[in-house]
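Chemist: Start counting the sequence shown at 1; every next residue gets the next number (our numbering).
For every residue, glycine included, the Cβ atom is placed at its ideal position computed from N, Cα and C.
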Amino acid sequence: MYIPPYYKEEDTGKLLDFMRANSFALLTGHSASGLQATHLPFVVEEMNGKISLVSHLSAANPHRNIFESHPDALVVFSGPHAYISPSNYEKQQNVPTWNYIAVHARGKVRVISGKEQVLASLKKMIEAYEEKYMEQFKGLSGDYVEAMLKGIVAFEVMVEKLEGKYKLSQNKTQNEQKKIIASLERSAHTWDKEIAEAMKQNLGS
């Protein structure tokens with residue numbers, strides 16, 4: 001991902017928090033047959049400095065066919081974004097732009113095999129997204145669970161590199177940034193307000 005120095009975010013803890021808050025991401029991969037991309041929810045795990053992204057997809061999804069032969073993957077986590085009007089700038093010689101936050105996670109896919117291991121990965125997702133559903137999940141019939149397991153491929157991406165881009169008008173003057181924040185806060189769009197809040201935090205205000 002192209003990241004000018006003033007937009008670069010290298011705080012791993014901050015990036016992980018963002019990924020967990022925006023965990024419905026885009027998994028991409030490639031092989032001789034072409035590119036693959038699948039939108040999936042992920043569980044973001046970090047232990048002893050190692051980061052992994054746990055998920056599963058349909059066994060009918062052709063993306064699964066390249067996991068072992070071409071394990072290199074890029075997972076794109078996207079968050080709030082907002083149109084930025086040049087009316088907020090001090091000089092007339094300006095054009096519109098877009099502010100946004102994104103994190104790219106590069107790594108290798110590892111297929112999770114074995115019934116107990118796959119079930120454990122599913123339980124991680126339940127705990128992350130709806131913990132109270134766990135009791136109902138435990139009450140599902142064995143036949144139903146077996147059929148469900150045959151219909152999915154569980155996997156994790158072992159992350160080797162994180163890239164964070166926080167494009168929040170850092171290349172503009174503080175006064176211009178404050179004008180942008182005020183403009184976004186007046187917007188009716190939730191993501192505009194979220195970008196405004198991120199800009200305020202970045203300014204320390």
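Sort 141, 105, 152 by Cα distance to residue 111 and report the nearest one.
Modeler: Of the candidates 141, 105, 152, the one whose C-alpha sits nearest the C-alpha of residue 111 is 152.
Chemist: Restricting to runs no shorter than 3 residues, where is the beta strand (DSSP E) found entirely within the region 40–101?
Modeler: With a minimum length of 3 residues, the continuous beta strand (DSSP E) runs that stay inside the region 40–101 are 43–47, 50–58, 72–84.
Chemist: Give the range of the alpha helix (DSSP H) segment to which residue 142 is assigned.
Modeler: Run containing residue 142: 142–150, per the alpha helix (DSSP H) assignment.
Chemist: State the DSSP-derived secondary structure class of residue 32, mapped to helix, strand or coil.
Modeler: Of the three classes helix, strand and coil, the one that applies to residue 32 here is coil, per DSSP.
Chemist: Measure the Cβ-Cβ separation of residue 74 and residue 39 and say whether it is below 8 Å.
Modeler: No, Cβ-Cβ distance for residue 74 and residue 39 is not below 8 Å.
Chemist: How far does the alpha helix (DSSP H) with residue 131 in it reach, from first residue to last?
Modeler: Premise fails: residue 131 is in no alpha helix (DSSP H) and is neither H nor E.
Chemist: Could you compute how far the alpha carbon of residue 30 sits from the alpha carbon of residue 157?
Modeler: Cα to Cα, residue 30 sits roughly 15 Å from residue 157.
Chemist: Comparing alpha-carbon positions, which option in 128, 183, 137 lies nearest residue 24?
Modeler: When each option's Cα is compared against that of residue 24, the closest is 128.
Chemist: Express the C-alpha separation of residue 147 and residue 26 in angstroms, rounding to a whole number.
Modeler: Straight-line Cα distance between these residues: approximately 26 Å.
Chemist: Can you check DSSP and say which residues form a bridge with residue 9?
Modeler: 164, per the DSSP bridge assignment.
Chemist: Enumerate in chain order the residues of its own chain whose CB-to-CB distance from residue 19 is below 6 Å, with the five nearest sequence positions on each side excluded.
Modeler: So the qualifying residues of the chain are 44, 77, 103.
Chemist: Once you ignore the five residues that flank residue 90 on each side, which residues in its own chain have a CB closer than 8 Å to its CB?
Modeler: For residue 90, where only same-chain residues beyond five positions count, the Cβ hits under 8 Å are 173, 175, 176.
Chemist: Would you tell me roughly how many angstroms separate the C-alpha atoms of residue 150 and residue 119, rounded to the nearest one?
Modeler: If you take the alpha carbons of residue 150 and residue 119, they lie about 12 Å apart.
Chemist: If you draw a straight line from the alpha carbon of residue 93 to that of residue 85, how long is it in whole angstroms?
Modeler: Computed Cα separation, rounded: 12 Å.
Chemist: For a test of the three-state rule: what should DSSP assign to residue 186, helix, strand or coil?
Modeler: It is coil, neither helix nor strand.
Chemist: What does residue 139 pair with, by DSSP beta-bridge criteria?
Modeler: BP columns for residue 139 are empty, so no partner.
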